[in-house]
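In the UniProt record's numbering, the protein residues as written are 1 to 395. In this text, a Cβ means the ideal position worked out from N, Cα and C, and glycines have one as well. Worksheet: the structure to be examined is printed underneath.
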Ligand SMILES: CC(C)(COP(=O)(O)OP(=O)(O)OC[C@H]1O[C@@H](n2cnc3c(N)ncnc32)[C@H](O)[C@@H]1OP(=O)(O)O)[C@@H](O)C(=O)NCCC(=O)NCCS
């Protein structure tokens with residue numbers, strides 16, 4: 001049954017009147033990882049928690065006859081796009097958190113929400129909109145690719161490593177050093193600014209309270225010198241092989257908890273993309289203590305240089321795993337998302353059972369200038385880039 005555009009009211013989220021209604025809607029959006037098992041998310045009273053750390057953001061709600069029936073969120077930032085020229089920057093609008101109440105689906109509400117958000121993007125000068133979904137989400141894929149003109153363009157993997165009870169052994173032949181924020185920013189701008197989706201405001205991410213730090217690893221027989229020239233192409237001051245990564249404490253903004261519930265009490269919520277993609281295929285028995293609320297660390301900005309960097313990536317990931325234990329908090333899984341790079345996949349400890357091999361990213365040009373058409377073609381046709389910068393604010 002269709003609904004006319006006049007009947008659907010779409011407006012900006014108003015915390016005073018919408019907070020509990022949005023949380024309620026999230027809970028009613030079904031899908032669980034197993035029969036009678038439900039995954040609860042706790043946004044700790046802040047439905048905006050996934051976008052709040054972005055430079056510019058919005059949440060829209062859809063009302064039908066005074067009932068809140070749909071939500072969508074969007075954020076805007078400047079990133080690197082594509083590889084030609086490699087420093088090409090674009091204003092990007094990210095679409096996330098689209099939900100429509102099950103009894104009101106197929107009435108055009110989802111599409112109306114996306115169109116309204118696209119309007120906000122255009123008003124704010126956005127060049128391209130993009131979104132990510134699990135590859136099996138037929139409804140979402142049909143809506144975005146067939147109705148709204150989005151194009152599939154990347155299929156990175158989400159890798160999940162459960163935190164075990166015992167620390168993982170670290171190689172005595174590898175040195176790991178924590179960088180300060182300025183050093184980390186300089187290193188990222190020097191080595192990752194050409195990576196697809198590298199954010200212009202990397203400094204804001206690194207300074208965010210959720211960022212636990214940036215580390216580099218190198219082989220013990222070499223040394224690390226942070227005094228390099230950001231404008232120089234010479235890598236002479238670096239070890240022959242090295243790796244770096246940063247860690248984001250996602251558990252500080254929302255918690256996950258698995259609960260068994262009777263079918264009459266459907267309380268499953270899909271607040272996070274991680275949940276959208278990974279948890280439906282997850283064997284929860286392999287996770288420790290998931291019936292208590294738990295958080296997760298997200299590793300981002302993984303970069304490696306040199307022929308022996310694989311082992312260094314591995315050491316850094318093991319260190320993050322041990323940090324999760326030592327933190328004494330509730331971090332039960334360490335997660336990362338990488339483009340299908342063999343070196344990274346092979347060296348990032350993860351459970352195949354818990355990981356999701358294909359997250360699907362789709363893109364659309366909103367400013368259809370000749371230049372943007374050309375850039376979009378470049379992005380779609382480009383071979384998958386070696387590095388994709390997955391912004392921790394968008395997990
Ligand atoms: C995806 C979702 C938001 C769609 O909302 P909706 O209001 O039902 O979508 P619309 O009515 O605007 O649908 C527009 C078009 O999308 C496609 N579509 C929507 N739902 C579909 C489904 N279940 N199966 C196949 N195509 C579907 C159709 O092409 C549809 O047009 P049509 O009805 O003329 O055939 C909704 O199903 C939902 O909340 N799903 C759970 C959360 C989710 O997966 N969110 C997306 C994360 S990116």
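Presumed contact (8 Å Cβ cut-off) between residue i and residue j, rounded CB distance
{"i": "residue 114", "j": "residue 366", "result": "Between residue 366 and residue 114 the Cβ distance is about 12 Å, and since that is not below 8 Å, they are no contact."}
{"i": "residue 359", "j": "residue 140", "result": "Their Cβ separation, rounded to whole angstroms, is 12 Å, which puts residue 359 and residue 140 out of contact at 8 Å."}
{"i": "residue 246", "j": "residue 309", "result": "The Cβ separation is near 16 Å, so there is no contact."}
{"i": "residue 128", "j": "residue 373", "result": "Actually they do not touch by this definition, with Cβ atoms about 11 Å apart."}
{"i": "residue 244", "j": "residue 303", "result": "5 Å"}
{"i": "residue 300", "j": "residue 343", "result": "Actually they do not touch by this definition, with Cβ atoms about 17 Å apart."}
{"i": "residue 173", "j": "residue 219", "result": "6 Å"}
{"i": "residue 405", "j": "residue 318", "result": "Absent from the structure is residue 405, since the part of the chain shown begins at 1 and ends at 395."}
{"i": "residue 58", "j": "residue 12", "result": "6 Å"}
Status (buried if at least 16 other CB within 10 Å, exposed otherwise) for residue i
{"i": "residue 368", "result": "exposed"}
{"i": "residue 138", "result": "exposed"}
{"i": "residue 347", "result": "buried"}
{"i": "residue 17", "result": "exposed"}
{"i": "residue 14", "result": "exposed"}
{"i": "residue 165", "result": "exposed"}
{"i": "residue 46", "result": "exposed"}
{"i": "residue 399", "result": "Summary: the structure shown does not reach residue 399, with the chain confined to residues 1 through 395, and so no result is reported for it."}
{"i": "residue 225", "result": "exposed"}
{"i": "residue 119", "result": "exposed"}
{"i": "residue 398", "result": "Residue 398 cannot be examined here, being either before or after the span of the chain that is shown, 1 to 395."}
{"i": "residue 91", "result": "buried"}
{"i": "residue 75", "result": "buried"}
{"i": "residue 79", "result": "buried"}
{"i": "residue 381", "result": "exposed"}
{"i": "residue 391", "result": "buried"}
{"i": "residue 8", "result": "buried"}
{"i": "residue 355", "result": "buried"}
{"i": "residue 393", "result": "buried"}
{"i": "residue 107", "result": "buried"}
{"i": "residue 395", "result": "buried"}
Own chain, CB closer than 6 Å to residue i, minus 5 neighbours either side, in chain order
{"i": "residue 265", "result": "Residue placement at residue 265 cannot be trusted, given a pLDDT of 31 that sits under 50; the coordinates are not used to answer."}
{"i": "residue 22", "result": "47 and 71"}
{"i": "residue 214", "result": "179, 184 and 246"}
{"i": "residue 387", "result": "195"}
{"i": "residue 253", "result": "49"}
{"i": "residue 63", "result": "9"}
Close-in-space but distant-in-sequence residues of the same chain around residue i (CB under 8 Å, 5 per side omitted)
{"i": "residue 25", "result": "68, 69, 70, 71, 99 and 101"}
{"i": "residue 321", "result": "161, 163, 164, 167, 168, 334 and 349"}
{"i": "residue 251", "result": "294, 295, 296, 297, 329, 330 and 331"}
{"i": "residue 122", "result": "366 and 367"}
{"i": "residue 305", "result": "191, 235, 238, 241, 242 and 243"}
{"i": "residue 89", "result": "78, 79, 80, 81 and 200"}
{"i": "residue 307", "result": "240 and 241"}
{"i": "residue 209", "result": "252"}
{"i": "residue 19", "result": "45 and 47"}
Per-residue DSSP class, three states only, for residue i
{"i": "residue 20", "result": "helix"}
{"i": "residue 200", "result": "coil"}
{"i": "residue 225", "result": "coil"}
{"i": "residue 317", "result": "helix"}
{"i": "residue 399", "result": "The structure shown does not extend to residue 399, since the chain is modelled only from 1 to 395, so the question has no answer here."}
{"i": "residue 145", "result": "helix"}
{"i": "residue 97", "result": "strand"}
{"i": "residue 192", "result": "coil"}
{"i": "residue 335", "result": "strand"}
{"i": "residue 327", "result": "coil"}
{"i": "residue 220", "result": "coil"}
{"i": "residue 34", "result": "With a pLDDT of 45 at residue 34, under the threshold of 50, the modelled position of that residue is not reliable, and no figure is offered here."}
{"i": "residue 389", "result": "coil"}
{"i": "residue 243", "result": "strand"}
{"i": "residue 343", "result": "helix"}
{"i": "residue 359", "result": "strand"}
{"i": "residue 178", "result": "strand"}
{"i": "residue 162", "result": "strand"}
{"i": "residue 302", "result": "strand"}
{"i": "residue 90", "result": "strand"}
{"i": "residue 77", "result": "strand"}
{"i": "residue 64", "result": "strand"}
{"i": "residue 381", "result": "helix"}
{"i": "residue 107", "result": "coil"}
{"i": "residue 212", "result": "strand"}
{"i": "residue 45", "result": "coil"}
Beta-carbon contacts of residue i that lie in its chain and below 7 Å, excluding the five residues immediately before and after
{"i": "residue 379", "result": "81, 82, 153 and 363"}
{"i": "residue 97", "result": "50, 71, 72 and 73"}
{"i": "residue 405", "result": "What the structure shows of the chain is the stretch from 1 to 395, and residue 405 is not part of that stretch, so it cannot be assessed."}
{"i": "residue 144", "result": "131, 150 and 362"}
heavy atom of ligand 2 below 7 Å from residue i C-beta
{"i": "residue 29", "result": "Ligand 2 is not part of this structure, which contains only ligand 1."}
| task | Mind the definition here: the stretch 105–112 touches the stretch 142–152 only if three or more C-beta pairs lie below 8 Å; say whether that holds. | result | yes
| field | Three CB pairs or more closer than 8 Å across the stretch 198–205 and the stretch 170–177 | value | No: the two stretches stay apart, fewer than three of their Cβ pairs being nearer than 8 Å.
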